[in-house]
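Undergrad: Line by line, the protein sequences give chains D and Y.
Just so we're on the same page, the numbering used here is the position in the first sequence counted from 1, plus 101.
Just so we're on the same page, the numbering used here is the position in the second sequence counted from 1, plus 11.
Every residue, glycine too, gets a C-beta built ideally from N, C-alpha and C.
Handing you a structure now.
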Amino acid sequence: MMRAGDEGVPMMSQGRTRRDILKLGAAGAALLATPAAPAAKVRTRAHIVIAGSGAGGIAVANRLARGLEGARITIIDGRQQHYYQPGWTMVAGGVWPMERTVEQSNARFHPHGIEWVRDFVAEFDPAANTVVTRGGQRIRYDFLVVATGLQLNYTAIAGMDEAALGQNGLTSVYASPQAAANTWRLMDTFRRTGGRAVMTMPDTPMKCAGAPLKVTFLLDDRLREAGSRARSQVNFYAGGNALFGVRVYHDDITRRFGELGIQTQTEQRLTGIDIGARRATFTAADNSRSTVDYDFIHVVPPMSAPDAVRNSELSWKEGPFAGGGWLEVDRETLRHRRFPNVFGIGDVNGTPRGKTAATVKGGAPIVAENLMRVIQDQNPGSKFNGYTSCPLIVRVGSALLVEFDHDGKLVPSIPFVDPLQESYFAWVMKVYMLKPAYIAVLRGRV
Amino acid sequence: MLYNIWLGLNILYEIVLPVLWLVALLALVWGATLVFALLRAPAATWRKTLPLSALVGVLGAALVFALGPALSSSSFADLDYWVDWAFLVGGALTAGLVLWVATWPGLTCLRKA
Numbered sequence: 102m103m104r105a106g107d108e109g110v111p112m113m114s115q116g117r118t119r120r121d122i123l124k125l126g127a128a129g130a131a132l133l134a135t136p137a138a139p140a141a142k143v144r145t146r147a148h149i150v151i152a153g154s155g156a157g158g159i160a161v162a163n164r165l166a167r168g169l170e171g172a173r174i175t176i177i178d179g180r181q182q183h184y185y186q187p188g189w190t191m192v193a194g195g196v197w198p199m200e201r202t203v204e205q206s207n208a209r210f211h212p213h214g215i216e217w218v219r220d221f222v223a224e225f226d227p228a229a230n231t232v233v234t235r236g237g238q239r240i241r242y243d244f245l246v247v248a249t250g251l252q253l254n255y256t257a258i259a260g261m262d263e264a265a266l267g268q269n270g271l272t273s274v275y276a277s278p279q280a281a282a283n284t285w286r287l288m289d290t291f292r293r294t295g296g297r298a299v300m301t302m303p304d305t306p307m308k309c310a311g312a313p314l315k316v317t318f319l320l321d322d323r324l325r326e327a328g329s330r331a332r333s334q335v336n337f338y339a340g341g342n343a344l345f346g347v348r349v350y351h352d353d354i355t356r357r358f359g360e361l362g363i364q365t366q367t368e369q370r371l372t373g374i375d376i377g378a379r380r381a382t383f384t385a386a387d388n389s390r391s392t393v394d395y396d397f398i399h400v401v402p403p404m405s406a407p408d409a410v411r412n413s414e415l416s417w418k419e420g421p422f423a424g425g426g427w428l429e430v431d432r433e434t435l436r437h438r439r440f441p442n443v444f445g446i447g448d449v450n451g452t453p454r455g456k457t458a459a460t461v462k463g464g465a466p467i468v469a470e471n472l473m474r475v476i477q478d479q480n481p482g483s484k485f486n487g488y489t490s491c492p493l494i495v496r497v498g499s500a501l502l503v504e505f506d507h508d509g510k511l512v513p514s515i516p517f518v519d520p521l522q523e524s525y526f527a528w529v530m531k532v533y534m535l536k537p538a539y540i541a542v543l544r545g546r547v
Numbered sequence: 012m013l014y015n016i017w018l019g020l021n022i023l024y025e026i027v028l029p030v031l032w033l034v035a036l037l038a039l040v041w042g043a044t045l046v047f048a049l050l051r052a053p054a055a056t057w058r059k060t061l062p063l064s065a066l067v068g069v070l071g072a073a074l075v076f077a078l079g080p081a082l083s084s085s086s087f088a089d090l091d092y093w094v095d096w097a098f099l100v101g102g103a104l105t106a107g108l109v110l111w112v113a114t115w116p117g118l119t120c121l122r123k124a
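Here it is, written out as structure tokens:
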């Protein structure tokens, strides 16, 4: 039998028992009303591996580092830089310079005292509580947090070459900060003459599902600004049957696109592209194909869980998330449904809707708290409502504050702001306040 | 609500953090000026400089109101919601108040000299 203090089994700091801690918790309930209230640390020798150091991995790492004493925390990620991805649409729209979305050292946000393995996870073996890196290093863990993000499957589009982004009118805001900057460069060139713009969206779950819409709104606005909108045609092709997963926003965006003269087609997946000839091929739900010539195209690739997750036992094996190999977590506790020492955070999770930084903001405290409870042999008690936010830019200078939960129910964090009302206030939030908020999320403070 | 206040404080902290040294320096200068003015200037001088410092605050508020949208890549045409106007007016009033409080001790010191 394992005892408190054994590997993976918690002890309470300062000789306190769990009951003492619960008593403390009850007595200090009023104090805990403030989010910054200090809590007693959980002592443990558990080895916690966090696969991925994007927003989710770092936010959880900071919370665990603050809440645990004696734990060994290992972050595995080969990327040195940290990207503020929510800023990429603003880079693509010519609002921000690319540099504003790139932090040179990811370690800047890491908590002190953690181990950083500069490599990528190539294989998950949850039955053996082990991950294997691309470099061949086998790392055992007591608890695992999967925070790998997702995979952009550009190769699923025949003829697509990611290296060709930024040439021949070919853009994609998702690929990298450079790709976002190139999107603006080509958009700026395109708006001088006008022409035919083709905007795409896949039928898979994707991160920041608002990004293809934002780029479209920004393109329309930039064309109007340059006086070339009348000479241009903007066509939006959605792979699924809606422009947005939340009905009320689908209707609102459809209306806005209609008013702007943006032609919308649904159930049209981008399946092929001839980059040199500037010709896109779309496949409809009935598998019929059509080709469209363009001067400017914004490609949003199909997305899935990274192959390492997809090909492992950690992925959903049936149901709507199995196709993309998404992580099989309980949507409320964010704990893996079959491997109880595994949690998931961020884009990799096979949960409805949420794949944004705001989802991480809501999910990171849940993962950290539930993981600490599991370390203490308790059941996960914190439940995530799936909070997701996507400040939807409708033109330069105005945005919508889009916030909803797992079920698509609107959950505005500022009750007096109408979620369907475009506003300068939402724009200022998006441009000036959300990056500071994002950093506070990384630090594990909010 | 408490969470939103906490979030707002964190946002403010992260905005200020890169220029914390400058804010600290300005606060130090302002504090020294305040102490100097409190010790040296009689109440009558404070009263005399009140209108001028208030005028600086009003002008600052007017400037922030007039230029706020343009300086944030927007325009008055984008302000078509009462929340926008409340936000802009609130921001301008806050800026004006800060300017008034920031300049009053300094103007009092100058008047004394």
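From the beta carbon of D:ILE540, is the nearest beta carbon of chain Y less than 8 Å away?
TA: By one-based count along the first sequence, residue 540 of chain D stands at place 439. Yes, contact with chain Y.
Undergrad: Go through its chain and collect everything with a Cβ distance to D:LYS531's Cβ below 6 Å, but skip five positions before and after it.
TA: Position 430 of the first sequence, counting from 1, holds the residue named residue 531 of chain D. Result list for D:LYS531: PRO492 and ALA500, in chain order.
Undergrad: Closest to D:TRP189 by C-alpha separation, out of D:GLU200, D:GLN182 and D:GLN181, would be which residue?
TA: The residue labelled residue 189 of chain D in the question sits at position 88 within the first sequence. When each option's Cα is compared against that of D:TRP189, the closest is D:GLU200.
Undergrad: Would you verify that the beta carbon of D:PRO212 is, or is not, closer than 8 Å to some beta carbon of chain Y?
TA: In the first sequence, residue 212 of chain D corresponds to position 111, counting from 1. Chain Y, which has no Cβ nearer than 8 Å to the Cβ of D:PRO212, makes this no.
Undergrad: Taking CB distances under 8 Å as the criterion, tell me whether D:PRO537 reaches chain Y.
TA: Here residue 537 of chain D refers to the residue found at position 436 when the first sequence is read from its first residue. At least one chain Y Cβ lies under 8 Å of D:PRO537.
Undergrad: Using DSSP with H/G/I as helix, E/B as strand and the rest coil, what is D:ASN435?
TA: Counting from 1 along the first sequence, the entry for residue 435 of chain D is found at position 334. Here residue 435 of chain D is Leu; the residue named in the question, Asn, does not match the sequence. If DSSP states are grouped into helix, strand and coil, D:LEU435 belongs with coil.
Undergrad: I'd like the list of long-range same chain contacts for D:ALA228, defined as Cβ closer than 7 Å, with 5 residues on each side in sequence excluded.
TA: On the first sequence, residue 228 of chain D is found 127 positions in, with the first residue counted as 1. Answer for D:ALA228: GLU414, listed in chain order.
Undergrad: Please list the partners that D:GLN522 has in chain Y, where partner means a Cβ-to-Cβ separation under 8 Å.
TA: To locate residue 522 of chain D, count along the first sequence from 1; it is residue 421. Residues of chain Y passing the Cβ test: TYR92 and VAL94.
Undergrad: Helix or strand or just coil, what does DSSP make of D:SER333?
TA: Against the first sequence, residue 333 of chain D aligns to sequence position 232. The answer is coil: DSSP assigns D:SER333 none of H, G, I, E or B.
Undergrad: Once the 5 residues before and after Y:SER64 are set aside, which same chain residues still bring their CB inside 6 Å of it?
TA: Position 53 of the second sequence, counted from the first residue, corresponds to residue 64 of chain Y. Excluding positions up to five away in sequence, the list reads TRP111, THR114, TRP115 and LEU118.
Undergrad: Let me check understanding here. Comparing Cα to Cα, which of D:THR372, D:ASP352 and D:ILE374 lies closest to D:THR365?
TA: Taking the first residue of the first sequence as 1, we reach residue 365 of chain D at position 264. Of D:THR372, D:ASP352 and D:ILE374, the residue nearest in Cα terms is D:ASP352.
Undergrad: Looking only at its chain, what residues have a beta carbon closer than 8 Å to the beta carbon of D:LYS308, apart from the 5 residues adjacent to it on each side?
TA: Locating residue 308 of chain D in the first sequence gives position 207, where the first residue counts as 1. Excluding sequence neighbours, D:LYS308 sits near GLN186, GLY250, LEU251, TYR275, MET404, ASP448, LYS456 and THR457.
Undergrad: Work out the CA separation of D:ARG438 and D:ILE476 for me, nearest whole Å.
TA: For the purposes of this step, residue 476 of chain D is identified with residue 375 of the first sequence, where counting begins at 1. For the purposes of this step, residue 438 of chain D is identified with residue 337 of the first sequence, where counting begins at 1. Roughly 17 Å between the two C-alpha positions.
Undergrad: On the criterion of 16 or more Cβ atoms from any shown chain inside 10 Å, does Y:VAL27 qualify as buried, or is it exposed?
TA: Position 16 of the second sequence, counted from the first residue, corresponds to residue 27 of chain Y. Answer is exposed; the Cβ neighbour count stays below 16.
Undergrad: What are the boundary residues of the beta strand (DSSP E) that includes D:THR301?
TA: The residue given as residue 301 of chain D occupies position 200 in the first sequence. D:THR301 -> beta strand (DSSP E) spans 297-302.
Undergrad: I need the DSSP call for D:TRP46, collapsed to helix, strand or coil.
TA: In the structure displayed, chain D extends from 102 to 547; residue 46 of chain D sits before or after that span and is not available.
Undergrad: Three-state secondary structure (DSSP) at D:ARG201?
TA: Sequence index remark: in the first sequence, residue 201 of chain D carries index 100 (1-based). Three-state DSSP puts D:ARG201 in a helix.
Undergrad: Determine the chain D residues that contact Y:LEU18 at a beta-carbon separation under 7 Å, and present them in chain order.
TA: The sequence position of residue 18 of chain Y within the second sequence is 7, counting from 1. In chain order: ALA538 and VAL547.
Undergrad: So with Cβ pairs under 8 Å, would you call Y:PHE98 a contact of chain B?
TA: This model lacks chain B altogether, as its protein chains are D and Y.
Undergrad: Return the chain-ordered list of same chain residues with a C-beta closer than 7 Å to the C-beta of D:VAL347, the five sequence neighbours on each side being excluded.
TA: For the purposes of this step, residue 347 of chain D is identified with residue 246 of the first sequence, where counting begins at 1. PHE505 and GLY509, listed in sequence order.
Undergrad: What separation, rounded to the nearest whole angstrom, lies between the Cα atoms of D:THR317 and D:GLY270?
TA: For the purposes of this step, residue 317 of chain D is taken as residue 216 along the first sequence, with counting starting at 1. For the purposes of this step, residue 270 of chain D is taken as residue 169 along the first sequence, with counting starting at 1. Spanning the two alpha carbons is a distance of roughly 15 Å.
Undergrad: Which chain D residues are close to Y:SER83, counting only those with a beta carbon under 9 Å from its beta carbon?
TA: Here residue 83 of chain Y corresponds to residue number 72 of the second sequence, with the count starting at 1. The answer, in chain order, is GLY498, TYR525, TRP528, VAL529, VAL532 and TYR533.
Undergrad: Do D:GLY296 and D:PHE397 have their C-beta atoms closer together than 8 Å?
TA: Looking up residue 296 of chain D in the first sequence gives position 195. Looking up residue 397 of chain D in the first sequence gives position 296. Closer than 8 Å, so yes.
Undergrad: Kindly indicate if chain Y contains any beta-carbon less than 8 Å away from that of D:VAL518.
TA: Residue 518 of chain D sits at position 417 when you count from the first residue of the first sequence. Yes - at least one Cβ of chain Y is within 8 Å of the one on D:VAL518.
Undergrad: Pull up the distance between the alpha-carbon of D:PRO306 and that of Y:GLY101, whole angstroms please.
TA: As a working note, residue 306 of chain D is residue 205 in the first sequence. As a working note, residue 101 of chain Y is residue 90 in the second sequence. Each residue's alpha carbon lies about 40 Å from the other.
Undergrad: Does the distance from the CB of D:MET300 to the CB of D:TYR338 come in under 8 Å?
TA: Within the first sequence, numbered from 1, the residue matching residue 300 of chain D stands at position 199. Within the first sequence, numbered from 1, the residue matching residue 338 of chain D stands at position 237. Yes, the pair counts as a contact, with Cβ atoms nearer than the cut-off.
Undergrad: Mark D:LEU132 as exposed unless 16 or more other C-beta atoms lie within 10 angstroms of its C-beta, in which case mark it buried.
TA: As a first step, residue 132 of chain D is located in the first sequence; it is residue number 31 there, counting from the start. Low confidence applies to D:LEU132: its pLDDT is 37, below 50, so where it sits in the model is not reliable enough to give any reading.
Undergrad: So, do the region 169-183 of chain D and the region 141-160 of chain D have three or more beta carbon pairs nearer to each other than 8 Å?
TA: Result yes; three or more Cβ-Cβ pairs closer than 8 Å.
Undergrad: With DSSP collapsed to three states, give me the class of D:HIS211.
TA: In the first sequence, counting from the first residue as 1, residue 211 of chain D sits at position 110. Coil, per DSSP.
Undergrad: Compare the Cα-Cα distances from D:ASP408 to each of D:VAL203, D:ALA541, D:ARG292 and D:TRP427 and report the closest residue.
TA: Residue numbering aside, residue 408 of chain D sits at position 307 when the first sequence is read from its first letter. Checked all of D:VAL203, D:ALA541, D:ARG292 and D:TRP427; the closest Cα to D:ASP408 is D:TRP427.
Undergrad: Can you give me the Cβ contacts of D:VAL547 inside the same chain, cut-off strictly under 6 Å, excluding the 5 residues immediately before and after it?
TA: Within the first sequence, numbered from 1, the residue matching residue 547 of chain D stands at position 446. Excluding sequence neighbours, D:VAL547 sits near ALA541.
Undergrad: Below 8 Å, can you find three or more Cβ-Cβ pairs linking the region 161-172 of chain D to the region 206-219 of chain D?
TA: The region 161-172 of chain D, when compared against the region 206-219 of chain D, does touch it at the 8 Å Cβ threshold.
Undergrad: Am I right that D:THR202 and D:VAL192 are in contact with their C-beta atoms under 8 Å? What's the rounded C-beta distance?
TA: The count along the first sequence starts at 1 and reaches residue 202 of chain D at position 101. The count along the first sequence starts at 1 and reaches residue 192 of chain D at position 91. Contact flag correct, Cβ pair sits at about 6 Å.
Undergrad: Whole angstroms is fine: what's the gap from D:THR290's alpha carbon to D:SER206's?
TA: Sequence index remark: in the first sequence, residue 290 of chain D carries index 189 (1-based). Sequence index remark: in the first sequence, residue 206 of chain D carries index 105 (1-based). Spanning the two alpha carbons is a distance of roughly 33 Å.
Undergrad: Does DSSP put D:ILE174 in a helix, a strand or coil?
TA: Counting from 1 along the first sequence, the entry for residue 174 of chain D is found at position 73. Strand at D:ILE174.
Undergrad: Touch check for the region 236-250 of chain D and the region 354-363 of chain D: three-plus C-beta pairs under 8 Å?
TA: Cβ pair count under 8 Å is below three, so no.
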